[in-house]
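Working notes, beginning with the structure itself.
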């Protein structure tokens with residue numbers, strides 16, 4: 069897979085649990101899919117399925133101090149691209165969950181990113197995506 073320099077996202081602190089990996093690319097496997105891959109450019113076997121949380125939880129707003137956001141050059145959540153990591157169990161994809169406690173924010177201008185920890189303790193690390201989407205549609 070070819071990735072141009074212009075596509076490389078820089079995570080100076082890495083991702084939680086993967087601090088040694090600092091460079092990633094956001095890859096769309098299929099144009100119509102809402103899911104994307106956050107692929108390490110340093111380790112071919114390291115990739116995460118990600119999705120914008122607004123697609124299944126419209127009111128989601130993690131609680132992150134502005135001072136922390138400034139670390140990637142933004143002052144408001146709306147200024148960045150927000151993604152959450154998805155876990156898809158092999159036995160039943162309908163049980164997939166998203167880590168709402170650890171959103172990823174990317175500065176769209178500088179391509180600088182960071183995984184934050186939301187101070188809102190009601191956010192789960194295993195939010196059921198399909199259940200949340202169904203509730204949102206009601």
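Numbering (the working numbering), first residue to last: 69 to 206.
Virtual Cβ for every residue (Gly too), placed ideally from N, Cα, C.
A distance below 8 Å separates the beta carbons of residue 77 and residue 174.
Within the DSSP bridge table, the entry for residue 78 names 91 and 180 as partners. By the neighbour-count criterion, in which 16 or more other beta carbons inside 10 Å mark a residue as buried, residue 161 falls on the exposed side.
Judged by beta-carbon spacing, residue 89 lies within the 8 Å limit of residue 108, meaning their Cβ atoms are closer than that value. The way I'd put it, the stretch 131-145 doesn't touch the stretch 93-101; fewer than three beta-carbon pairs between them come closer than 8 Å. Counting every other CB atom within 10 Å of its CB across the protein chains shown gives residue 188 a total below 16, marking it as exposed.
For residue 158, the number of other beta carbons within 10 angstroms of its own is below 16, and it is reported as exposed.
For residue 164, the closest of 123, 176 and 195 by C-alpha to C-alpha distance is 195.
Beta-bridge partners of residue 154 (DSSP): 117 and 166. The beta carbon of residue 95 lies closer than 7 Å to those of 104, 105 and 107 in the same chain, with the five residues before and after it left out.
For the pair residue 119 and residue 93, the CB atoms are not nearer than the 8 Å cut-off.
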